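Enquirer:
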Amino acid sequence: MDKNFRLEITHVDPSGARTGILHTRHGDVETPMFMPVGTLATVKCLDPEEIKGLGSGVILSNSYHLHLRPGEDIVMKAGGLHKFMGYDGPILTDSGGFQVFSLASKREISEEGVRFRNDYNGNMEDFTPEKVIAIEEKLGPDIAMSFDECIPYPADYDYVKKSTERTIRWAKRGLAAHKREDQALFGIVQGGDYEDLRKMCAEELAKLPFDGYSIGGTSIGEPKEVCFRMIEYAVKGLPFDKPRYLMGVGSIDYLLGGALRGIDMFDCVLPTRLARHGALLTSTGRINIRDSKYKDDFTPLEEGCDCYGCTHFTRAYLHHLYVTGEELGKRLNTLHNIRFLIRVMEGARKAIKEDRFASYLEETIAKFGDLRGF
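Residue numbers for the sequence shown follow my numbering, so the first one is -6 and each next one is one higher.
1) Excluding five sequence neighbours on each side, which residues of the same chain lie with their C-beta closer than 6 Å to the C-beta of Tyr301?
2) Quick check on this structure: which residue in Asp135, Tyr238 and Gly50 has the alpha carbon closest to the alpha carbon of Val22?
3) Determine the burial state of Arg162: buried for a count of at least 16 other Cβ atoms within 10 Å of its Cβ, exposed for fewer.
4) Compute the beta-carbon to beta-carbon distance between Ala272 and Arg279, rounded to the nearest angstrom, for a pair I have assumed lies under 8 Å.
5) Looking at the secondary structure, which residues open and close the alpha helix (DSSP H) in which Ala177 lies?
6) May I have the straight-line CA-CA distance separating Gly230 from Phe306, to the nearest angstrom?
7) In whole angstroms, give me the CA-to-CA distance for Gly209 and Asp289.
8) Confirm, please, whether the CB-CB distance from Ala170 to Gly205 is below 8 Å.
9) Under the three-state reduction of DSSP, which class applies to Val228: helix, strand or coil?
10) Find out if the Cβ-Cβ distance for the pair Asp186, Glu142 is shorter than 8 Å.
11) Could you please give me the residues that DSSP links to Gly31 through a beta bridge?
12) Are Met258 and Met28 closer than 8 Å when you measure CB to CB?
13) Quick one: is Glu197 buried, meaning 16 or more other Cβ sit within 10 Å of its Cβ, or exposed?
14) With distance defined between alpha-carbon atoms, name the residue in Ser276, Pro202, Ser207 and Asp348 nearest to Gln183.
15) For Val316, collect the residues of the same chain with a Cβ closer than 7 Å to its Cβ; drop the 5 residues on either side in sequence, then sort them by chain order.
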């Protein structure tokens, strides 16, 4: 456990949303926050200084993907993830649980762990709670995740109960295996959409000396109201003074809805993936810059946005870059989309501190417009 890692709660809004400062060995970060995803030790299209310039604090990488390529031993030889990717801010690694269950072409679950096929070389791999911790310790992020079973949605009660109980046992095994004193470790709350199982999992994990807690098994196809119920069920059983992380969420309704329910940390590939396909986020909605109507639109993408693209170029230029396949277009689009979500969270923190978060949430989502396909 990292003795220097802690969440300092600075204010709680009447709605229940809260602000804080997350103290890590690579700097302090304000919460609630959005974390850009750098799956393979890079946020696609951007360099580390650009990421920092956007106001990002924590970057997320993925243990599953880094284990497959280039391998945790290579990263360790480079001096750990921070040196390997040239980022001196906080880094979090997911355990790879979601990827094992969603991407592996062949997998077998047992009490010991998961056996799956490595799609790059065809070999069978074993992920156990102990092995995942060993991988994350070699990668060297500030925050590591426990290994869990990502439960599909929907799933029947008996399956979810057995899976959740196994996730708790895996969490205990991973915690016992974790030896790095300069690395925080989070437990992951599962339980599907069953209130008693979510509450049971959260309460059992809260008895263990984790540095923080993630809420997993959400944003995997369930309706929004189900996702929010899952969050509420889990938060009831979690300690107030430790960070809460909602995994894989990146649209503004989920970010603000999660913050309303006491979540501190969020991540998602959404802004970078949309950007590479020409879908750009603005305060009044999503636009597709490939549309011909932007060919002679010489206004900024969004007035008031302080990202490099909005302060230096026009929609017409971004359209030109996209239709001609220029790589600069992907970079500018990515800069904007990440900065957009970070700005949303900056506004959320300000609103919480001023005890007006509920109205900020309502106004921001109403102004954005249609969220379908976001």
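C-beta atoms are modelled at their ideal positions from N, C-alpha and C, and glycine is treated no differently.
Keep in mind it's a predicted model, so treat the numbers as computed, not measured.
Expert: Walking through what the data contain:
1) Leu328
2) Gly50
3) exposed
4) 6 Å
5) Element bounds for Ala177: not the alpha helix (DSSP H) but the beta strand (DSSP E), Ala177 to Val182.
6) 48 Å
7) 45 Å
8) no
9) helix
10) no
11) Answer is none; Gly31 lacks a bridge partner.
12) yes
13) buried
14) Ser207
15) Arg283
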